[in-house]
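Notes follow once the structure below has been shown.
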Amino acid sequence: MMKNPRYLVDGLYTADPSAHVFNGKLYIYPSHDIESGIPENDNGDHFDMRDYHVFSMDDIDGEVTDHGVVLDVQDVPWAGRQMWDTDVAHKNGKYYLYFPVKDKTDIFRIGVAVSDKPEGPFVPEKHPITGSYSIDPAVFEDEDGQHYMYFGGLWGGQLQRYRNNKAQECGSEPADDESSLPARVVKMSDDLLEFSEEPKSLVILDENGEPLKAGDHDRRFFEASWMHKYNGKYYFSYSTGNTHLLCYAVGDSPYGPFTYKGVILTPVVGWTTHHSICEFKGKWYLFHHDSKPSGGKTWLRSMKVTELEYNEDGSIKTIDGMAD
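In structure tokens form, the structure reads like this:
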């Protein structure tokens with residue numbers, strides 16, 4: 028095991044790290060936090076990120092290379108503000124960076140930008156993905172080569188405004204005793220530029236086979252989707268948002284349903300918890316962030332990595348979010 032979690036970047040605030048192995052190297056695609064002076068609120072306006080950097084590593088404890096700005100909000104014709112959690116997929120020698128950003132009417136859409144290299148720079152498409160909404164895209168490549176996007180986030184992420192992929196005039200969360208709002212899952216088109224179908228609900232069940240309730244804030248989905256596969260099972264991991272936990276649920280299909288299994292990471296310094304899980308050189312790692320280096324400013328976060336362990340039954344050992 029890594030003896031301690033490791034912060035990866037000094038001199039730059041980075042969050043929401045999405046980690047992938049391309050060509051034998053580890054690449055990390057985070058958000059880039061800045062101090063914009065916007066007061067904190069539940070809509071997340073203080074998270075006013077405007078560009079993306081790419082980082083790479085040859086070894087988990089080695090030097091981290093900053094490849095600089097690979098996409099700026101000013102490069103995106105339809106974008107307004109707030110470039111949040113991103114992810115990258117690879118197919119046929121091309122790399123696809125998926126990013127949520129508010130359009131010029133302040134509605135979150137998901138865009139895609141393309142590069143010939145994993146470190147970018149990335150050239151955005153002229154329009155957002157048709158039918159996309161909300162935030163936090165994570166794209167998973169299954170063993171058959173199909174790609175699936177997982178997305179959605181409550182409150183500032185606007186997911187509560189949608190039902191059956193349609194915007195509601197007065198969208199709000201369900202009552203506490205109703206089923207919680209699910210993340211979305213959608214198979215991507217062959218060219219990875221569009222959805223190939225209508226997004227579907229990703230249902231998380233409790234131990235009795237019932238969908239988690241909206242009032243179950245310690246377990247219900249809030250934001251920060253991630254998908255990985257371990258020993259033939261699909262692991263959907265996510266943040267509970269206002270209770271600051273990283274949790275996971277396990278299923279037999281990329282569409283689910285998934286059964287809640289436990290907590291990956293306990294609360295960290297700062298409000299939000301975003302992450303990715305990646306295998307690199309035979310070991311599994313959890314990439315996440317906290318706000319300890321900024322003195323607890325939740326909009327100025329620093330990404331870090333720690334080793335992830337599984338028990339023999341496939342369950343994940345819980346990691347202490349406050350560990351140094």
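Using our numbering, you'd call the opening residue of the sequence shown number 28 and step up by one each time. Backbone N, C-alpha and C define an ideal beta-carbon position, used for all residues, glycine too.
- In the DSSP assignment, serine 329 falls within the unbroken beta strand (DSSP E) covering 329-335.
- Cα atoms of aspartate 245 and tyrosine 123: separation of roughly 33 Å, rounded to the nearest angstrom.
- Taking 9 Å as the cut-off, the beta carbon of serine 83 is found closer than this to the beta carbon of proline 145.
- For cysteine 305, the enclosing beta strand (DSSP E) covers residues 303-307.
- Of the candidates Phe126, Glu250 and Gly172, the residue whose Cα lies closest to the Cα of histidine 154 is Phe126.
- The residue among Trp298, Ser342 and Lys308 with its C-alpha nearest the C-alpha of leucine 327 is Trp298.
- With contacts defined by Cβ atoms closer than 9 Å, aspartate 130 and alanine 106 form a contacting pair.
- Taken through DSSP and simplified to helix, strand or coil, tryptophan 105 comes out as coil.
- Beta-carbon to beta-carbon, serine 342 and lysine 288 are separated by about 6 Å, close enough to satisfy the 8 Å threshold.
- Taking C-beta atoms under 8 Å as the contact rule, threonine 300 and leucine 292 qualify, at a distance of about 6 Å.
- Residue pairing from DSSP leaves phenylalanine 74 without any beta-bridge partner.
- Distances from the alpha-carbon of leucine 35 to those of Ile65, Thr92 and Phe74 put Thr92 closest.
- Per the DSSP secondary-structure output, alanine 276 pairs in a beta bridge with Phe263 and Tyr287.
- Bridge partners of methionine 349 according to DSSP: none are assigned.
- Relative to arginine 108, the option among Val230, Lys240, Glu152 and Ser63 whose CA is nearest is Ser63.
- Within the model, the alpha-carbon separation for glutamate 334 versus lysine 310 is close to 7 Å.
- For glycine 95, the enclosing beta strand (DSSP E) covers residues 91-99.
- Within the model, the alpha-carbon separation for proline 66 versus phenylalanine 74 is close to 10 Å.
- One Cα belongs to threonine 113, the other to aspartate 43, and the distance between them is close to 8 Å.
- Ranked by Cα distance from histidine 255, the first of Ser329, Asp169 and Ser207 is Asp169.
- In this chain, the beta strand (DSSP E) harbouring aspartate 60 covers 52-60.
- According to DSSP, tryptophan 311 shares a beta bridge with Glu306 and Leu335.
- Leucine 273 and valine 296 do not touch by the CB rule: their CB atoms are close to 14 Å apart, not below 8 Å.
- Distances from the CA of glutamine 187 to each of Gln173, Ala210 and Ser318 were compared; the closest alpha carbon is that of Ala210.
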